[in-house]
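*Asks:*
Protein chains: 2
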Amino acid sequence: MKTFSIPLPPSTKIAVVGLGYVGLPLAFALSKKFDVLGFDISLKRISELNAGVDATKEFSKKEVADTKIHFTSSDHDLKTADIYIIAVPTPVNQELIPDLGMLISASKTVGKCLAKGDIVIYESTVYPGATEEECLPVLEKTSGFKMNKDFFLGYSPERINPSDKIHKIDNITKVVSGSDEYSLEIIDELYSSIINAGTYKVNSIKVAEAAKVIENTQRDLNIALINEFSKIFALLDLDTEEVLKAAETKWNFIPFRPGLVGGHCIGVDPYYLTYKAQQVGYDPQVILSGRVVNDHMPNFIADRLLNTLNHLMFDVPNSLILILGYTFKENCNDVRNTKVHDLAVTLSNSVNIVNIFDPLMNNEQVNSLSDINFIDYPEINKYDAIIIAVGHQAFLELGINKIREFCKPNGLIYDLKYLFPPESVDLRL
Amino acid sequence: MKTFSIPLPPSTKIAVVGLGYVGLPLAFALSKKFDVLGFDISLKRISELNAGVDATKEFSKKEVADTKIHFTSSDHDLKTADIYIIAVPTPVNQELIPDLGMLISASKTVGKCLAKGDIVIYESTVYPGATEEECLPVLEKTSGFKMNKDFFLGYSPERINPSDKIHKIDNITKVVSGSDEYSLEIIDELYSSIINAGTYKVNSIKVAEAAKVIENTQRDLNIALINEFSKIFALLDLDTEEVLKAAETKWNFIPFRPGLVGGHCIGVDPYYLTYKAQQVGYDPQVILSGRVVNDHMPNFIADRLLNTLNHLMFDVPNSLILILGYTFKENCNDVRNTKVHDLAVTLSNSVNIVNIFDPLMNNEQVNSLSDINFIDYPEINKYDAIIIAVGHQAFLELGINKIREFCKPNGLIYDLKYLFPPESVDLRL
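Put into structure tokens, the structure is as follows:
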């Protein structure tokens, strides 16, 4: 049986399973110290990476071309690894219930490849208990091995912040856990060797899972509170940012901004925790109230714009609306679970045309979303209203004067992101 | 008509109306630069202060004896002031509706004293709009004056943090607002001259009111979220502090702790905002869900202790419980709206005796609360369970070994405040 010793030799073979926003940066970081196998079931993703292309745009063509990572979709290759790190998406389904499908599937794949002494580490966000209750049985069944006898288990939550140029994988402290003291030491050594910020050891896999899921839940709820403030302040004719800036002059006020909460993390992770809470008999009213408010923001924004247009005697059913930005986050081309979609759909029920301009999306992405009217560049003097929905640097560089040119002379600009001075726009969140 | 010029001369006479946790420190700070009248309707408070005694314990006997503030309950004295600052409590009633009684009453008193050119500034926490909608009409009616013609209005929210030795009145930025440009300049000058941290001018009284009320609302909700985590983690057999410490290794996790939310601010201010929100037709579900969870914590704590005692075969109906700490906050003798009261009452319905030991409370306070069993000092070897409810420094100094001596040999210690190491106690929040 294979045993690891500290320090881990550079020949240690590590497989990263799932090469998305989480797995790819991790594989790159690990490849500086170890022999890394980058595994993904997407043949397209693997062939792109082998051609030097990272569709998530986290790495340049040169970086991808120069890497020593062996990108593969082959189970046969996967078998050669000593340590497996699973970093696959953990979304929710239409009913907002955790969808562990990809996690279970990856566990089956890895289980079939296990050799005695191997270590399997999960990085995917789950509810507390999921790794041991849902993934471990799959690993044991498909491998025929027993945990802590034939192989070892670990959990180290990913804290990747896509498009963040300051907080990168090597300067974010990494929480690590293992199924026993031995595996905890090896897992800790593994991550310590690539993360300058260091690791934080916890005593159980469940604690590590819980620590991760509450991070995004806290963020989601704090944005929901600010969204609730924004809804109240709209009725009281108060400018939200003006109030927030004043409140932030207190030493312990926490600076959040209102907005659409989309993406694959902040709007999703809370449902993992609430699912488990409900399973054990607790009704998580605070967390769920925040989810309701955040999920309702596209409607609130659409209603406010339409009411304002009506109030100003615009011919709403014949009006043309432009939305600037479609991705779920600024300066990032990720469109998963973007709430701009909901906003566009809601508006399109009431107006004539909704166009979307997002210079960060490529044609392929745009073409795959056939129910949305993407445009290459807005026409001058065309729109009754423009919603600045995503705070792309590109829009800031375009400037408010240029953006106003896309409006008809009396058109409105609704700045959801406080991208421009209050006096230069007509509505703000 | 009186006019103020900048800089304000030391002869400027300022009346602080309401000498509680907010008014007294403010009066002290102002008295270093101006001629200050300290007004309170409580004859007891005034006679104590005149005798050098501050019952809120923010100032020493020497400080009170040495001050130049003229403490008074006389309306006649009040008439001599040029600037009035109203800092009276704004609680909620039994139905959790804002009780503006003291604010209106103080407004009447001040209104009767106004001379032309005077400025009236409110510091009490209210909902956005209250100063202009509720207080201003009272001032105008009782004085017969018109705002911005005969007198001026301002609002500058108090940010006093009682018992906090770091954040004091002179190093906390002060938000200021006024009814017109002139009054804003004078009010800004007034506070700038006593606050080293400086002021922050906002464009309307309503913005200043809103900024204040959201500060404590945000704090309340964040504690509620952690309380919700704590309730979920109790069911999942996870130690909350262990999870929080791991989560806090992420750069943007916000460090809050679970606990009882009492006092006159954090548990009260949110109801001011929700009252106004409901008045204008918005149902503030996020804020209210937090209030429900926080108000339910005494029940949750009592249930958890009783269930544990039952589970361990204690004779619960005959058991003796000791609660350490009664005030709403550590190292402070303020008992207003303390949730330890609710905890004691709830427990007393199920057990034989609930004793409370709080070394920070004096006999007078204790005697006024006749339905609670206060003790001077706990007996050795007496209690089936001890709840550490308030994190007084005095308990830390007492030490866990001494505290355990108050327990019967198999007794439990429930540490709500993480005052002692996890392994030294039996239950934690």
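The listed protein sequences derive, respectively, from chains D and W.
Basically our numbering = 1-based index in the first sequence + 827.
Basically our numbering = 1-based index in the second sequence + 827.
Glycine residues also receive a C-beta, built at the ideal position from the N, C-alpha and C atoms.
Please read all numbers here as calculations on a predicted model, not as lab measurements.
Tell me the DSSP secondary structure of residue 1199(D) in three-state form.
*Replies:* Looking up residue 1199(D) in the first sequence gives position 372. The answer is coil: DSSP assigns residue 1199(D) none of H, G, I, E or B.
*Asks:* Examine chain D for any beta-carbon lying closer than 8 Å to the beta-carbon of residue 1033(W), and answer yes or no.
*Replies:* The sequence position of residue 1033(W) within the second sequence is 206, counting from 1. Closer than 8 Å: yes.
*Asks:* With H, G and I counted as helix, E and B as strand and the rest as coil, what does DSSP make of residue 1098(D)?
*Replies:* Residue numbering aside, residue 1098(D) sits at position 271 when the first sequence is read from its first letter. In this structure, residue 1098(D) counts as helix in the three-state DSSP scheme.
*Asks:* Using CA atoms only, rank isn't needed, just tell me which of 892(D), 974(D) and 1249(D) is closest to residue 945(D).
*Replies:* Residue numbering aside, residue 945(D) sits at position 118 when the first sequence is read from its first letter. The shortest Cα separation from residue 945(D) among 892(D), 974(D) and 1249(D) belongs to 974(D).
*Asks:* Keeping to the same chain, check which residues put their C-beta closer than 7 Å to that of residue 838(D); ignore five residues upstream and five downstream.
*Replies:* On the first sequence, residue 838(D) is found 11 positions in, with the first residue counted as 1. Taken in chain order, the residues that qualify are 862.
*Asks:* Spatial neighbours of residue 940(W) within its chain, please: C-beta separation below 6 Å, excluding the five flanking residues on both sides.
*Replies:* Counting from 1 along the second sequence, the entry for residue 940(W) is found at position 113. Only 905 and 906 meet the Cβ criterion.
*Asks:* If I follow the unbroken beta strand (DSSP E) through residue 891(W), where does it start and stop?
*Replies:* Indexing the second sequence from 1 puts residue 891(W) at position 64. Note, residue 891(W): premise wrong, no beta strand (DSSP E); alpha helix (DSSP H) at 888-893.
*Asks:* Taking residue 1172(W) as the query, report the chain D residues whose CB atoms sit under 9 Å from its CB, ordered along the chain.
*Replies:* On the second sequence, residue 1172(W) is found 345 positions in, with the first residue counted as 1. None at all; the shortest Cβ gap to chain D is about 24 Å.
*Asks:* Short of 8 Å in beta carbon distance, which residues of its chain neighbour residue 902(D), apart from the five on each side in sequence? Order them along the chain.
*Replies:* Taking the first residue of the first sequence as position 1, residue 902(D) is located at position 75. 936, 939 and 940.
*Asks:* For residue 840(W), list the residues DSSP reports as bridge partners.
*Replies:* In the second sequence, residue 840(W) corresponds to position 13, counting from 1. Paired residue(s): 862(W).
*Asks:* Please check the pair residue 950(D) and residue 996(D), which I expect to be a contact at CB under 8 Å, by giving their CB distance rounded to whole angstroms.
*Replies:* Position 123 of the first sequence, counted from the first residue, corresponds to residue 950(D). Position 169 of the first sequence, counted from the first residue, corresponds to residue 996(D). About 11 Å separates the two Cβ atoms, so there is no contact after all.
*Asks:* Given a cut-off of 8 Å on the beta-carbon distance, is the pair residue 1109(W) and residue 1062(D) in contact?
*Replies:* Residue 1109(W) sits at position 282 when you count from the first residue of the second sequence. Residue 1062(D) sits at position 235 when you count from the first residue of the first sequence. Result yes, Cβ atoms of residue 1109(W) and residue 1062(D) sit closer than 8 Å.
*Asks:* Pull up the DSSP beta-bridge partners for residue 1242(D), would you.
*Replies:* Here residue 1242(D) refers to the residue found at position 415 of the first sequence. In the DSSP output, where bridge partners are listed per residue, residue 1242(D) has 1215(D) and 1255(D).
*Asks:* Which first and last residues belong to the alpha helix (DSSP H) in which residue 1056(W) is found?
*Replies:* The residue you call residue 1056(W) lines up with position 229 of the second sequence. Run containing residue 1056(W): 1032-1062, per the alpha helix (DSSP H) assignment.
*Asks:* If you run the structure through DSSP and keep just helix, strand and coil, what is residue 1092(W)?
*Replies:* Taking the second sequence and counting its residues from 1, the one referred to as residue 1092(W) is at position 265. Coil.
*Asks:* Could you check the C-alpha separation between residue 917(D) and residue 924(D) for me, to the nearest Å?
*Replies:* Counted from its first residue, the first sequence places residue 917(D) at position 90. Counted from its first residue, the first sequence places residue 924(D) at position 97. Residue 917(D) and residue 924(D): Cα-Cα distance of roughly 11 Å.
*Asks:* Output needed for residue 966(D): all residues of its chain with C-beta closer than 8 Å, excluding positions within five of it in sequence on either side, in chain order.
*Replies:* Looking up residue 966(D) in the first sequence gives position 139. Excluding sequence neighbours, residue 966(D) sits near 934, 937, 938, 941, 947, 972, 974, 978 and 980.
*Asks:* Taking DSSP as the reference, what is the three-state secondary structure of residue 852(W)?
*Replies:* For the purposes of this step, residue 852(W) is identified with residue 25 of the second sequence, where counting begins at 1. Residue state, collapsed to three classes: helix.
*Asks:* In chain order, what residues of the same chain have a beta carbon less than 7 Å from the beta carbon of residue 898(W), not counting five sequence neighbours either side?
*Replies:* What you label residue 898(W) is simply residue 71 of the second sequence in a count that begins at 1. If we look at residue 898(W) and ignore the five residues flanking it on each side, its Cβ neighbours are 865, 873, 876 and 877.
*Asks:* Determine the direct distance from the alpha carbon of residue 1115(D) to that of residue 1070(W), and round the result to whole angstroms.
*Replies:* Within the second sequence, numbered from 1, the residue matching residue 1070(W) stands at position 243. Within the first sequence, numbered from 1, the residue matching residue 1115(D) stands at position 288. Taking the straight line joining both Cα atoms gives about 21 Å.
*Asks:* Name the two residues that bound the continuous beta strand (DSSP E) containing residue 1230(W).
*Replies:* To locate residue 1230(W), count along the second sequence from 1; it is residue 403. Premise fails: residue 1230(W) lies in the alpha helix (DSSP H), 1227-1232, not in any beta strand (DSSP E).
*Asks:* Along the stretch 1048-1060 of chain D, what residues have a CB closer than 9 Å to any CB found in chain W?
*Replies:* So the close ones are 1048, 1049, 1051, 1052, 1053, 1054, 1055, 1056, 1058, 1059 and 1060.
*Asks:* Within 8 Å (strictly less), CB to CB, does residue 1109(W) reach chain D?
*Replies:* One-based indexing of the second sequence puts residue 1109(W) at position 282. At least one chain D Cβ lies under 8 Å of residue 1109(W).
*Asks:* Would a C-beta distance cut-off of 8 Å place residue 1171(W) and residue 1150(W) closer than the cut-off?
*Replies:* One-based indexing of the second sequence puts residue 1171(W) at position 344. One-based indexing of the second sequence puts residue 1150(W) at position 323. Yes, they are a contact pair.
*Asks:* Using beta-carbon positions only, say whether residue 1200(W) and residue 1183(W) come within less than 8 Å of one another.
*Replies:* For the purposes of this step, residue 1200(W) is taken as residue 373 along the second sequence, with counting starting at 1. For the purposes of this step, residue 1183(W) is taken as residue 356 along the second sequence, with counting starting at 1. Contact flag set, yes.
*Asks:* Residue 956(D) touches chain W at which residues, Cβ-Cβ below 8 Å?
*Replies:* In the first sequence, residue 956(D) corresponds to position 129, counting from 1. In chain order: 1063.
*Asks:* Using a C-beta cutoff of 8 Å, does residue 1000(W) count as contacting chain D?
*Replies:* The count along the second sequence starts at 1 and reaches residue 1000(W) at position 173. For residue 1000(W), the answer is yes, since a Cβ of chain D falls inside 8 Å of its Cβ.
*Asks:* How far does the beta strand (DSSP E) with residue 835(D) in it extend, from its first residue to its last?
*Replies:* On the first sequence, residue 835(D) is found 8 positions in, with the first residue counted as 1. Taken as a continuous stretch (DSSP letters only), residue 835(D) belongs to no beta strand (DSSP E), as it is neither H nor E.
*Asks:* Would you mind telling me which residues of chain W sit closer than 7 Å to residue 1117(D), beta carbon to beta carbon, in chain order?
*Replies:* Translated into the one-based positions of the first sequence, residue 1117(D) becomes position 290. The answer, in chain order, is 1113.
*Asks:* Since residue 1215(W) contacts residue 1242(W) with CB under 8 Å, what's their CB separation in whole angstroms?
*Replies:* Residue mapping note: residue 1215(W) aligns to position 388 of the second sequence, counting from 1. Residue mapping note: residue 1242(W) aligns to position 415 of the second sequence, counting from 1. That belief holds up - the Cβ atoms of residue 1215(W) and residue 1242(W) are roughly 5 Å apart, short of 8 Å.
*Asks:* What are the uninterrupted segments assigned as alpha helix (DSSP H) that are 4 or more residues long and contained completely in the stretch 936-990 of chain W, given in chain order?
*Replies:* Fully enclosed alpha helix (DSSP H) runs of 4 or longer: 963-970.
*Asks:* Closest Cβ-Cβ distance between residue 1074(W) and chain D: below 8 Å?
*Replies:* As a first step, residue 1074(W) must be located in the second sequence, where it is residue number 247. By this cut-off, residue 1074(W) is an interface position.
*Asks:* What residues in its chain sit with their C-beta under 7 Å from that of residue 990(W), if we drop five residues either side in the sequence?
*Replies:* The count along the second sequence starts at 1 and reaches residue 990(W) at position 163. Taken in chain order, the residues that qualify are 1156, 1158 and 1159.
*Asks:* Answer yes or no: do residue 1249(D) and residue 1221(D) have a C-beta to C-beta separation smaller than 8 Å?
*Replies:* On the first sequence, position 422 is the one that residue 1249(D) refers to. On the first sequence, position 394 is the one that residue 1221(D) refers to. No.
*Asks:* For residue 830(W), count the other beta carbons within 10 Å of its own beta carbon; 16 or more makes it buried, fewer makes it exposed. Which is it?
*Replies:* In the second sequence, residue 830(W) corresponds to position 3, counting from 1. By the neighbour-count rule (16 or more Cβ atoms within 10 Å), residue 830(W) is not buried but exposed.
*Asks:* Within the continuous beta strand (DSSP E) that includes residue 911(D), where are the two ends?
*Replies:* As a first step, residue 911(D) must be located in the first sequence, where it is residue number 84. Counting along the chain, the beta strand (DSSP E) containing residue 911(D) begins and ends at 910-913.
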